[in-house]
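Keeping their order, the protein sequence lines are chains A and B. Residue 358 in my numbering sits at position 358 of the first sequence, and the numbers go up by one each step. Residue 541 in my numbering sits at position 65 of the second sequence, and the numbers go up by one each step. Report on the structure given below.
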Amino acid sequence: MTTVQKITIDPISRLEGHGKVTIFLDGNGEVTDTRFHVTQFRGYERFCQGRPFEEMPIITQRICGICPVSHQLASAKACDAILGVQIPETAYLLRKLLHKGQYIQSHALHFFHLASPDLLLGWDADPAVRNVVGVIGKFPDAAVKGIKLRKYGQEIIKALGGKKVHPAFSVPGGVTNALYESDRDRLLAGFDEAYGTCQLAIDLLKEWQEKNLDEVKRFANFESNYAGLVDKDGCIALYDGNWRIVDSNRKMLVEFDPANYLDYIGEKVEPWSYMKFPYYKPQGYPKGCYRVGPLARVNAATKIATPKANKELENFRKLTEKGLLGCTLLYHYARQIELLYCLERAEELLKNPGICGTDIRITTGPANNEGIGVIEAPRGILVHHYGVDKYGKITKANLIVATGHNNIAMNRSVELVAKEYIHKGKVEEGMLNRVEGAIRCYDPCLSCATHAVGKMPLKIQIYNFNGELIDEVQRD
Amino acid sequence: MPNAETKQSSIWIIGYGNPQRRDDGIGQYAVTKLRDIFKHKEGIHFFALHQLEPDLVFELQDATLIIFVDAAVNELRGGWEWTRVEPELRSLSYLTHHFNPAFLLGLLQSLYNESPEAWMISVQGEDFDIGEGLTKEVEDRVFEVVVEIVKFLDRDLGS
């Protein structure tokens, strides 16, 4: 008789942004399946209906406190399409600069606060010290620099939007205000330190990778498609570009205008998850699932348009030529290459003579009854798709976020780690840390919207096939 | 009501939460009211934030007193409570970008060897659904809290 046991990891006690992991074991205690569940911005697509479309960039950025800029920009692009306008050049430059600020703060936060404890202190370090405070104790200089780098990204956002979180900046047809020359000069003065910190992160990562190459090769390494936006030369494009999907060997499957995403992207609904599962339609579900985010972007792109980041990409390519293309742990390296790219791009933008221009917005009425805005959020491709009536009120809204695109990949990563560390119903030491680590590589955005006071425990419960609790592991 | 000795030099009141989830906006609403009350006072600073961020440590490194105001989902006797916040070195969740007051204090202590007096004022919310504006019951509750904070700070700031 086949019996099934169930392990549940319920890491986050929240009103929203709730995630948990369930691991199913067969009668022999071996892993048969895993499921990573996340609830994402419940109700926003419905909540927005009936609102004037001009409000969408302000409303939808509230989906998240970490990547509000991404939602605001994707929303503003969708609204530009409804207006049927091409925004002024200065507004275009300023939106791209805002976007780079978002990447800098987000990628710096991820490495120095979330990922570095795993890597610099070790997977099996005492959880009491395996956090950013532990990093401060062992690498105080790096920790302070990491916080400063994140602050630098936030300062870019504040210089443009007036505040660091939920800036009111990108609006349909352009942006709300110009950049002061004094702010431009102040931001330009910060690049030397920012580059230094980014290089420090890259050096720390590469040193760790060299020492732990076996684990890098083994850890959640699986074949998948990769999706990312690219410019006309095939370079990584974060604000706009074509949507490219490549296979597990980086062979191109398709490249299309994001406005036509419905022709290529389907969304599967599974009964056990609130999230939808996007996939590449011609391959069907689940074969057509793909990964997004830093690893996917560097794998999908031909090259990077800025010199320092492209040089680092060449090092990355040498590494991945050795069968490491699908290594989930390489998300961290790819993320730091992107951080370097964003610094270079931000510096270019700030040195552009047009960056302090004042022609920043076109005002007009809606010309189209539909608008699609697609950008690369730090965690991957973000789609905002709106329909409006003749008065400009929202009649439909469809949002696809990076954590949704990566849904199947995160499930697969958890499954691979669980299969390595659970045998005969026994959870090996270190399994919990590594499941966390596998999910963390994708940097899923679980911090949206409402929060609750209190700790967020990580719990594994093991049930036998009769539903009886036979073991429990918890960390507060 | 705490009985604390506070210095006047650098007081920070930080209200945080999501005002588009109705009563989750308690913290920001309270700060708006307090900022207005104390607009002519020196040495007192305000932040109304969606969430706490690690780079706040650069602003708070000289703080002598920090008061956090946030919504609580659990039931509280009288609707709100003061809790002393101590530096916590282990409270950063592993899968989130969420930072809590104790962790911020832990960062301050770790980075700058500073441990300012800190209080969390939790105010019980009633409705966390999508929407703007506090419920009437909670608005009244915040008014009580604002009065208590003013009394507490008047001891240090003078009338």
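Beta carbons: idealized from backbone N, C-alpha and C, even for Gly.
Beta-bridge pairing of residue i - partner residues as DSSP gives them
i	result
residue 290 of chain A	A:225
residue 279 of chain A	A:266
residue 36 of chain A	A:21
residue 541 of chain B	B:487 and B:593
residue 521 of chain B	B:488
residue 243 of chain A	A:229 and A:256
residue 555 of chain B	Partner(s): none; residue 555 of chain B has no beta bridge.
residue 607 of chain B	B:497
residue 361 of chain A	A:174
residue 235 of chain A	A:303
For residue i, three-class secondary structure by DSSP
i	result
residue 576 of chain B	coil
residue 110 of chain A	helix
residue 442 of chain A	coil
residue 248 of chain A	coil
residue 170 of chain A	strand
residue 273 of chain A	coil
residue 163 of chain A	coil
residue 599 of chain B	strand
residue 52 of chain A	strand
residue 547 of chain B	strand
residue 371 of chain A	strand
residue 176 of chain A	coil
residue 493 of chain B	coil
residue 481 of chain B	Since pLDDT at residue 481 of chain B reaches only 48, below the 50 mark, its modelled position is unreliable, and the value read off the structure follows with that caveat. If DSSP states are grouped into helix, strand and coil, residue 481 of chain B belongs with coil.
residue 501 of chain B	helix
residue 31 of chain A	strand
residue 617 of chain B	helix
residue 186 of chain A	helix
residue 560 of chain B	strand
residue 448 of chain A	With a pLDDT of 35 at residue 448 of chain A, under the threshold of 50, the modelled position of this residue cannot be trusted, and the question is left open.
residue 206 of chain A	helix
residue 117 of chain A	helix
residue 477 of chain A	With chain A running from 1 to 476 in the structure shown, residue 477 of chain A is simply not present.
residue 516 of chain B	coil
residue 150 of chain A	helix
residue 477 of chain A	The shown model of chain A, from 1 to 476, leaves out residue 477 of chain A, and the question about it has no answer.
residue 571 of chain B	Note that residue 571 of chain B scores a pLDDT of 47, beneath 50, so its modelled location is shaky and nothing firm can be said.
residue 135 of chain A	helix
residue 527 of chain B	coil
Chain A contact residues for residue i, given Cβ-Cβ distances below 8 Å
i	result
residue 531 of chain B	147, 148, 150, 151 and 154
Amino acids of chain B, ordered along the chain, whose beta-carbon sits closer than 8 Å to that of residue i
i	result
residue 316 of chain A	Neighbours of residue 316 of chain A on chain B: none; closest Cβ ~25 Å, over 8 Å.
residue 136 of chain A	583, 586 and 587
residue 401 of chain A	What residue 401 of chain A touches in chain B: nothing, since even the nearest Cβ is about 14 Å away.
residue 414 of chain A	What residue 414 of chain A touches in chain B: nothing, since even the nearest Cβ is about 12 Å away.
Interface residues of chain A facing residue i [CB-CB closer than 7 Å]
i	result
residue 496 of chain B	62
Under 9 Å from the C-beta of residue i: neighbouring residues of chain A
i	result
residue 534 of chain B	147, 148 and 151
The ligand NAD heavy atom lying under 7 Å from the CB of residue i
i	result
residue 281 of chain A	Inclusion of the ligand NAD in the displayed structure is not the case, the ligand content being empty and no account of it being possible.
Neighbour list for residue i in chain B, Cβ cutoff strictly below 7 Å
i	result
residue 144 of chain A	587
residue 85 of chain A	Chain B residues near residue 85 of chain A: none, gap ~28 Å exceeds 7 Å.
residue 254 of chain A	Result: empty, since nearest Cβ-Cβ is about 32 Å, beyond 7 Å.
residue 292 of chain A	Result: empty, since nearest Cβ-Cβ is about 18 Å, beyond 7 Å.
residue 269 of chain A	Within chain B, no residue comes near residue 269 of chain A; the closest Cβ sits about 22 Å away, beyond 7 Å.
Proximal chain B residues relative to residue i, where beta-carbon distance stays under 9 Å
i	result
residue 165 of chain A	525, 526, 527 and 529
residue 171 of chain A	Within 9 Å Cβ-Cβ: nothing; residue 171 of chain A doesn't reach chain B, min ~18 Å.
residue 246 of chain A	Near residue 246 of chain A there are no residues of chain B at all, since even the closest Cβ is about 28 Å away, more than 9 Å.
What are the residues of the segment 331-345 of chain A that lie near chain B, defined by any Cβ-Cβ distance shorter than 9 Å? Closer than 9 Å at the C-beta level to chain B, one finds no residue of the segment 331-345 of chain A.
To test your reading of the DSSP string, which unbroken alpha helix (DSSP H) runs of 4 or more residues are found completely within the segment 375-444 of chain A? For the segment 375-444 of chain A, whole alpha helix (DSSP H) runs of length 4 or above, ordered along the chain, are 402-405, 407-421 and 431-441.
Where are the beta strand (DSSP E) runs, 3 residues long or more, that stay fully inside the segment 289-358 of chain A, in chain order? Listed in chain order, there is nothing to give.
At a CB distance below 8 Å, what residues from the segment 509-533 of chain B approach chain A? Give them in sequence order. Correct list: 525, 526, 527, 529, 530, 531 and 533.
Within 8 Å of chain B by C-beta, residues of the segment 214-235 of chain A in sequence order: Listed by position, the residues of the segment 214-235 of chain A near chain B (Cβ gap below 8 Å) amount to none.
With 8 Å as the C-beta to C-beta threshold (strictly closer), list the residues of the segment 93-116 of chain A near chain B in chain order. Among the residues of the segment 93-116 of chain A, those with a Cβ less than 8 Å away from any Cβ of chain B are 109, 113 and 114, in the order of the chain.
Pull out every residue of the segment 362-385 of chain A whose Cβ sits closer than 7 Å to any Cβ of chain B, in chain order. Residues of the segment 362-385 of chain A with a Cβ closer than 7 Å to any Cβ of chain B: none.
Listed from N- to C-terminal order along the chain, which residues in the segment 410-440 of chain A have their beta-carbon within a distance smaller than 7 Å of any beta-carbon of chain B? Per Cβ criterion, the list reads 436, 439 and 440.
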